[in-house]
Every structure is written in C-alpha cells, then in structure tokens.
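Quick notes on the structure that follows.
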Amino acid sequence: MTSDNDIYRWYADVIVYRGFGPLIACLGAVGGILSLFVFRRKSLRKKSCSIYFFYLALADLLCMICWLVHFVLPTYNIHILTLSNFFCKIFVFAMYFAFDLANYILTVCSIDRAISVLCPIRSRKFCRERTAYTITFILVIIHTILNSHLLYGFVVLSARTISTPSIRICHHRVDSETYRNFFSIYDSYVDVIKTNAIPFIIMFVCNIIIIIRVCRSKSSMNFNGKNRCRKAKKRVEKDRQLTLMLLGSAIAFLVLTLPTETCASELCRPFLYIYINRSSLRRCKLSPLTLASETTMNQRTSVRNNQSTQMNMSPFPIKMNDDNDSLT
Numbered sequence: 001m002t003s004d005n006d007i008y009r010w011y012a013d014v015i016v017y018r019g020f021g022p023l024i025a026c027l028g029a030v031g032g033i034l035s036l037f038v039f040r041r042k043s044l045r046k047k048s049c050s051i052y053f054f055y056l057a058l059a060d061l062l063c064m065i066c067w068l069v070h071f072v073l074p075t076y077n078i079h080i081l082t083l084s085n086f087f088c089k090i091f092v093f094a095m096y097f098a099f100d101l102a103n104y105i106l107t108v109c110s111i112d113r114a115i116s117v118l119c120p121i122r123s124r125k126f127c128r129e130r131t132a133y134t135i136t137f138i139l140v141i142i143h144t145i146l147n148s149h150l151l152y153g154f155v156v157l158s159a160r161t162i163s164t165p166s167i168r169i170c171h172h173r174v175d176s177e178t179y180r181n182f183f184s185i186y187d188s189y190v191d192v193i194k195t196n197a198i199p200f201i202i203m204f205v206c207n208i209i210i211i212i213r214v215c216r217s218k219s220s221m222n223f224n225g226k227n228r229c230r231k232a233k234k235r236v237e238k239d240r241q242l243t244l245m246l247l248g249s250a251i252a253f254l255v256l257t258l259p260t261e262t263c264a265s266e267l268c269r270p271f272l273y274i275y276i277n278r279s280s281l282r283r284c285k286l287s288p289l290t291l292a293s294e295t296t297m298n299q300r301t302s303v304r305n306n307q308s309t310q311m312n313m314s315p316f317p318i319k320m321n322d323d324n325d326s327l328t
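If you read the sequence shown in UniProt numbering, its first letter stands for residue 1, the second for the next number, and so on.
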C-alpha cells in the first residue's frame, strides 16, 4: 500500500528536484560566476573581505555541482555517483568539504568585518590581502583532513531485494563495524557542532557587532560628510557595501542553514519520525497491517537519510553487499 511518505517523496523528487532543480542550478551558477568576476575587479581585489567572498563563491559553485549530482540528476535517471568507487568517493568528499569550507569562509569573513568596524586602525594588521589568502589556505587544509575519511569510507554497493534486481548505491562501508559507528557519530553530533553550531555562534556575535557599528558609522558619516574628501567617502562607501553584503549572506545562513541541517541530522530524526507517525495516526485509523507497513517505511527512511545520495527504496527488505564490479 502506498503511504503518505511515498507520496511526499514522489512530490519532492519530481516537482522540487526535477522541476525546479535545473532552474535553481542555472541561477546559482550564473550568480556564482558573476560573483567571481565582481570580486576580482581591480578596485576590490586587494580587500581581504573581497578575497573571502571570491573563495566563498568558488565553494558555493562546488556545492551547487555536488547538489546536482546527488539530488537532481538521479531524478533524470543519471547516476554519476554509482559509476565507480572513484566518483562515489570524490563527490561525497566534495559535498562535505565544500559545505564546510563555505560556512567557515563566511565565518572568517564575519570576523574580518567585525574587527574592521570595531577597530579600524588596528584592523590593518589582520584585514590584509596576505592574511586572507593564508587563512583561506589553512581552512582548505583543515577541512581536507577532517573529511578525508570519506575517501575511505564510501563505496559503491549492490542493494539486493526480494522482488527487484540488484541496484547500485553510493553508501558508507558496511563491512567495517568500526567505521560504521564512527560515521554515525560523525554525521550527527560532530557534524552539527562543526558545521552548524560553531559558525552560528561566531557569526551571530559578529553580526550583532557589525550591525551596531554600521548604524553608528552611518550617522557619523552623515554628520561629518562635508569634512570628508571625495576619495575617502568612496572608500568608506565600498567598505559599507561589503559589510552589508556580508550581513545578507550571514543572516541567510543563520536563518536557513542551521534549522534544516540540524533537523536533518541524527540528533533530531528520531523525534521527527515519532511526530510523523503520530500525525499519520491522527489523520486516519490504520489497520495493524498498514501500521506495520508505515513503521517499516519510516525505519527504512531513517536508513536512507544516513546516505549522502537519494534513491528510491523498495518496500522489501534490502541486503547490501560490496560491489565487486566497481573499483576498490
């Protein structure tokens, strides 16, 4: 029997990913490429905040590519992840790496702007071109090391069911109990703290500082506008525009990223499934057979959410084995 979860999943796959996915990807790609050109302009090239925005645009473009491969292309029956172990490993690693890097570049950019507006004179030692390149390079190295285990832990597996032929999926290893337990912890507690909680706290504090100082500096600039030379006004206005752009990006992260990523993590999934089950019971009276089917579907959805890629699951028990045909 088709459950509500099946219907919702069908709507998500067909309407959201297949219908709006290519449009969102095109808009995101165009916006990212335009951002690269804007922040490499001669007038902005030497500003530390512009350098952070440039690499943030690169990380966002990589996130967009990974999103296409993981979620949009499979709805068109294009499964790049399962072509080989290499594609499985590299795209899963790239997804985690790009998302982490984008979050922390935005965090460092918030710190840069907060220092710039809080201590304009002393900030010249920190808010420099060389410092921005150095910090970005360090962030790349750190997140490469933190996510390098994904290059080992994800492989192409064959999922065999009772009534359907075997299908290939990109999944974390099932032959290693140690890595399976490690990834379960990493993808829940560690990932929420590392990817969401730490950037959220830092950006929230920095944004409060920036908003207060920008409001004060605007009043001061209007008061002393007649005494400022034209070149100084132009420089201050560019800094203010960069600061406002950062505020928009940071607020979007705080409002959109934290709730979705936290609710999608292992910390909140059990509570969400309990709520979904209770809501289903309130909507209709289920027979014992239907209730068992609904519970089984929710359990399989939990397993499915642990994967980095989406797939259509069969309503029968699944047995996963290593794919001997793929590269090791």
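Built from N, CA and C at the ideal position, the CB exists for glycine as well.
These figures come from a predicted structure and were not determined experimentally.
Rounded distance between the beta-carbons of residue j and residue i, thought under 8 Å
| i | j | result |
| --- | --- | --- |
| Ile115 | Leu139 | At roughly 17 Å, the Cβ-Cβ gap does not stay under 8 Å, so Ile115 and Leu139 are not in contact. |
| Leu150 | Phe93 | 5 Å |
| Val14 | Asn85 | Wrong, their Cβ atoms sit about 29 Å apart, outside the cutoff. |
| Ile209 | Leu118 | 6 Å |
| residue 361 | Cys215 | Given a span of 1 to 328 for the chain in the structure shown, any question on residue 361 remains unanswerable. |
| Ile211 | Leu247 | 7 Å |
| Asn147 | Tyr96 | 5 Å |
| Leu61 | Ala29 | 7 Å |
| Ile53 | Arg40 | Going by the sequence as given, residue 53 is Phe instead of Ile. With a Cβ gap of about 10 Å, Phe53 and Arg40 do not count as contacting. |
| Cys170 | Leu81 | 4 Å |
Through-space distance from residue j to residue i, alpha-carbon basis
| i | j | result |
| --- | --- | --- |
| Ser188 | Asn181 | 11 Å |
| Thr131 | Cys109 | 12 Å |
| Val174 | Gly153 | 9 Å |
| Arg45 | Glu129 | 8 Å |
| Phe37 | Cys88 | 31 Å |
| Leu56 | Pro165 | 43 Å |
| Phe71 | Tyr17 | 7 Å |
| Pro22 | Glu177 | 38 Å |
| Arg213 | Ile121 | 15 Å |
| Met203 | Ser158 | 42 Å |
| Cys26 | Met64 | 9 Å |
| Ser123 | Cys206 | 15 Å |
| Ile33 | Ile24 | 14 Å |
| Ile201 | Thr107 | 9 Å |
| Arg168 | Val69 | 15 Å |
| Asp191 | Lys47 | 31 Å |
Heavy atom of the ligand PLP within 8 Å of residue i beta-carbon
| i | result |
| --- | --- |
| Ala252 | Within the structure as shown, the ligand PLP is missing, as the structure has no ligands at all. |
Residue i (DSSP reduced to helix, strand or coil)
| i | result |
| --- | --- |
| Ser158 | strand |
| Ile201 | helix |
| Arg168 | strand |
| Asn207 | helix |
| Leu23 | helix |
| Asp175 | coil |
| Lys42 | coil |
| Ser249 | helix |
| Ser84 | coil |
| Phe126 | coil |
| Pro120 | coil |
| Ser188 | helix |
| Lys194 | helix |
| Lys89 | helix |
| Ile78 | coil |
| Asn181 | helix |
| Ser48 | helix |
| Ser110 | helix |
| Ser287 | Caution applies to Ser287, whose pLDDT of 39 falls short of 50 and renders its modelled position unreliable; the model cannot decide the point. |
| Ser35 | helix |
| Asn147 | coil |
Local Cβ density within 10 Å of residue i, reported as buried at 16 or more and exposed below that
| i | result |
| --- | --- |
| Ala102 | buried |
| Ile135 | buried |
| Tyr76 | exposed |
| Trp67 | buried |
| Lys42 | exposed |
| Lys125 | exposed |
| Ile193 | exposed |
| Ile78 | exposed |
| Ala59 | buried |
| Ile141 | exposed |
| Phe137 | exposed |
| Phe20 | exposed |
9 Å Cβ cutoff, residue i in contact with chain C
| i | result |
| --- | --- |
| Phe91 | Of the chains in the structure shown, none is chain C; there is only one protein chain. |
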